[in-house]
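Asks: Once you've had a glance at the structure underneath, I'll fire off some questions.
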């Protein structure tokens, strides 16, 4: 029985020694990190005809080139057809862009004289739905300037042609540009 007591005593002493060794080598991990994030924010800068429209911009279309065989050059009259160009520049943008081009013309507003005849973007004809066109510019195309050509026409109409036109407007457009999140 002495052997069993000695073995038990030796085991208890070993556990006690291991406990003391383990107690001295135990440590708690605790750290505090202070710092700032260093992540670049995406840029969103859009220009229309060279003017920054990122926040807001009122566009006046004054450079419509009209052709009419029965009127002086670059004046508008019934039967005139004209064109104007828009340049949409998203090259300083780091995100995909969704733009919507909306027209208010004689087909939807009796106070307008001109009607949209056609719209082309980068040489491709586009179809307007309710005088509106929307397009996503994906990331791989944001460094390209979009060339938009709008052709308008004053459709001759005796009811309009014989009115006082001083209160009438030619046409108006709205361009909405925002980040595409889809």
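In our numbering, the protein residues as written are 2 to 183. A virtual CB, placed ideally from N, CA and C, is assigned to each residue, including glycine.
Would you call the segment 140-152 in contact with the segment 68-78, where contact means no fewer than 3 C-beta pairs closer than 8 angstroms?
Replies: At 8 angstroms Cβ cutoff, the stretches do not touch.
Asks: List the endpoints of the continuous beta strand (DSSP E) containing residue 62.
Replies: Here residue 62 belongs to no beta strand (DSSP E), and DSSP marks it neither H nor E.
Asks: Rounded to a whole number of angstroms, what is the C-alpha to C-alpha distance between residue 108 and residue 116?
Replies: Residue 108 and residue 116: Cα-Cα distance of roughly 6 angstroms.
Asks: Taking Cβ to Cβ, would you say residue 155 is nearer than 8 angstroms to residue 129?
Replies: Their beta carbons are not under 8 angstroms apart, which means residue 155 does not touch residue 129 by this criterion.
Asks: Please classify residue 83: does DSSP put it in a helix, a strand, or coil?
Replies: If DSSP states are grouped into helix, strand and coil, residue 83 belongs with the strands.
Asks: Using a 10 Å radius around the Cβ and a threshold of 16 neighbouring Cβ atoms, would you call residue 52 buried or exposed?
Replies: Exposed.
Asks: Just list the alpha helix (DSSP H) runs in the segment 132-163, keeping only unbroken ones of 4 residues or longer that don't cross its boundaries, in chain order.
Replies: Segments of the alpha helix (DSSP H) lying fully in the segment 132-163: 159-162.
Asks: Excluding the 5 residues flanking residue 58 on each side, which residues of the same chain have their C-beta closer than 8 angstroms to its C-beta?
Replies: Contacts found: 49, 52.
Asks: Do residue 147 and residue 172 have their beta-carbon atoms positioned less than 8 angstroms apart in this structure?
Replies: Going by C-beta atoms, residue 172 is not nearer than 8 angstroms to residue 147.
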